[in-house]
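Each residue of the sequence shown is one higher than the one before, starting from 1 at the first, in full-length UniProt numbering.
Structure first, then comments.
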Amino acid sequence: MFNNASILITGGTGSFGKKYVETLLANYRPARLIIYSRDELKQYEMQQEFDAPCMRYFIGDVRDKDRLTQAMRDVDFVIHAAALKQVPAAEYNPMECIKTNIHGAENVIAAAIANNVKKVIALSTDKAAAPINLYGATKLASDKLFVAANNTVGKGSTRFAVVRYGNVVGSRGSVVPLFKKKVAEGAKSIPVTHPEMTRFWITLQMGVNFVLKNFERMRGGEIFIPKIPSVRIKDLAQAYAPDIPIEDIGIRPGEKMHEVMCPVDDSYHTYEFHDHFVIAPSIKFFHGELSFDNNAIGEKGELVAPGFEYQSGSNPDFLTVENIQAFENE
Numbered sequence: 001m002f003n004n005a006s007i008l009i010t011g012g013t014g015s016f017g018k019k020y021v022e023t024l025l026a027n028y029r030p031a032r033l034i035i036y037s038r039d040e041l042k043q044y045e046m047q048q049e050f051d052a053p054c055m056r057y058f059i060g061d062v063r064d065k066d067r068l069t070q071a072m073r074d075v076d077f078v079i080h081a082a083a084l085k086q087v088p089a090a091e092y093n094p095m096e097c098i099k100t101n102i103h104g105a106e107n108v109i110a111a112a113i114a115n116n117v118k119k120v121i122a123l124s125t126d127k128a129a130a131p132i133n134l135y136g137a138t139k140l141a142s143d144k145l146f147v148a149a150n151n152t153v154g155k156g157s158t159r160f161a162v163v164r165y166g167n168v169v170g171s172r173g174s175v176v177p178l179f180k181k182k183v184a185e186g187a188k189s190i191p192v193t194h195p196e197m198t199r200f201w202i203t204l205q206m207g208v209n210f211v212l213k214n215f216e217r218m219r220g221g222e223i224f225i226p227k228i229p230s231v232r233i234k235d236l237a238q239a240y241a242p243d244i245p246i247e248d249i250g251i252r253p254g255e256k257m258h259e260v261m262c263p264v265d266d267s268y269h270t271y272e273f274h275d276h277f278v279i280a281p282s283i284k285f286f287h288g289e290l291s292f293d294n295n296a297i298g299e300k301g302e303l304v305a306p307g308f309e310y311q312s313g314s315n316p317d318f319l320t321v322e323n324i325q326a327f328e329n330e
């Protein structure tokens, strides 16, 4: 699918973008691989690592529709990874978060339709399910925009889908680099927001592989959710700083004790597959009825039971202290 194709990644200098580029270059022969982001220093640093002939680096912001439209010229596939992601920062700077995460999503959709892009996958977050913070609310709005874009396109052929997953091990802003830094500095305690807090846990490579696979699976309008393990924050602290006491600093503004990826209220149109869930669109598409209990590569799913919820605290798959560090290297 990606051989001789042109692919654009918004926010491509982030942790996900770098791993995605690494994986694409190792397994495919893209014609063009475009990094679209607003930070020239990060682009310069990324160019030192990824300088294959197919690589292109475009300075631009997802808030700028004209620049996005120009950048997507003759592009086949788009991965929308650009977002403002820090929960406390979004609480204190709400309009900036809205401009990037909602208006930016709208611009990506418009640019993709204008250029007849084949497929677009937008990265989402577990915080978009039953959100209690502004970041999650903006990503829920973004998810809704990308699902509805399959109608916005009219008779066009561009299709849009969403991938939703949990905390990424070792990504910028995640808790693991903080724990490692504290250990290296000889800290006398490890700050933990709440010892009983749980989170869904996924590696960068798992996230990249899931997105790649869903370009093959998608029909348009799905929210794809991987089956992944959960972790307890206290177990994370013990795994990375076993000899340092935990300091309970309290839940930060906008945080939940447990995260949700498939909300109860979506159970009536959520399908379970062998390694993932699909939340089917609740709206009907003008281009015809689609069946979401099977996908474009022939995998079959079953409608979940009414009242089903996929939540980090009740997830049957938990990582223990012993296997948390091993999981990071998978």
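Think of the CB as a built atom: it goes at the ideal place given N, C-alpha and C, for glycine as much as any other residue.
In this text, all values refer to a predicted model and were calculated from it rather than measured experimentally.
Collapsing the DSSP output to three states places Q86 in coil.
With fewer than 16 other CB atoms across the displayed protein chains lying within 10 angstroms of its CB, G154 is exposed.
Residue pairing of A122 in beta bridges, as defined by DSSP: H80, V162. Shown here, K182 sits in a helix according to DSSP, grouped into three states.
Nearest C-alpha to I98 among K139, F77, D235: K139. Sequence-distant partners of S282 (beyond 5 residues in either direction) whose C-beta falls short of 7 Å from its own C-beta, in its chain, are H269.
Taking A184 as reference, the option from A128, Y135, C54, I244 with the minimal CA-CA separation is I244. For the options E322, F277, P242, P229, the alpha carbon positioned closest to that of S314 is the one of P229.
Scanning E22, G307, Y271, I324 for the CA closest to the CA of E299 turns up Y271. For T270, no alpha helix (DSSP H) encloses it; the enclosing beta strand (DSSP E) starts and ends at 270-272. In the three-state DSSP reduction, Y310 falls in the strand class (E or B). Of all alpha-carbon atoms in K65, M46, D64, S312, the one lying nearest the alpha-carbon of Y57 is that of M46. A Cβ-Cβ distance of about 14 Å is found for the pair A82 and L145, leaving them out of contact under the 8 Å criterion.
Counted as a single uninterrupted DSSP element, the alpha helix (DSSP H) harbouring C97 occupies residues 94-98.
Burial check for I233: the Cβ neighbour count within 10 Å reaches 16 or more, so the residue is buried. Of the candidates L25, T152, R159, the residue whose Cα lies closest to the Cα of K119 is R159. Its chain contains A239 as the residues whose beta carbon lies nearer than 6 Å to that of Q325, once the 5 sequence neighbours on both sides are disregarded; these appear in chain order. Proximity of the stretch 244-259 to the stretch 303-310 falls short of the contact definition, fewer than three beta-carbon pairs being nearer than 8 Å. Among the bridge pairs identified by DSSP, H276 is matched with P226.
Residue burial is scored here from C-beta neighbours: A296 has fewer than 16 other C-beta atoms within 10 angstroms and is therefore classed as exposed. Under the DSSP assignment, F58 falls outside any alpha helix (DSSP H), being part of the beta strand (DSSP E) whose first and last residues are 55-59. Take the alpha-carbon of Y28 and the one of Y20: they are about 11 Å apart. Counting C-beta atoms within 10 angstroms of its own C-beta, S291 has fewer than 16 neighbours from the protein chains shown and is therefore classed as exposed.
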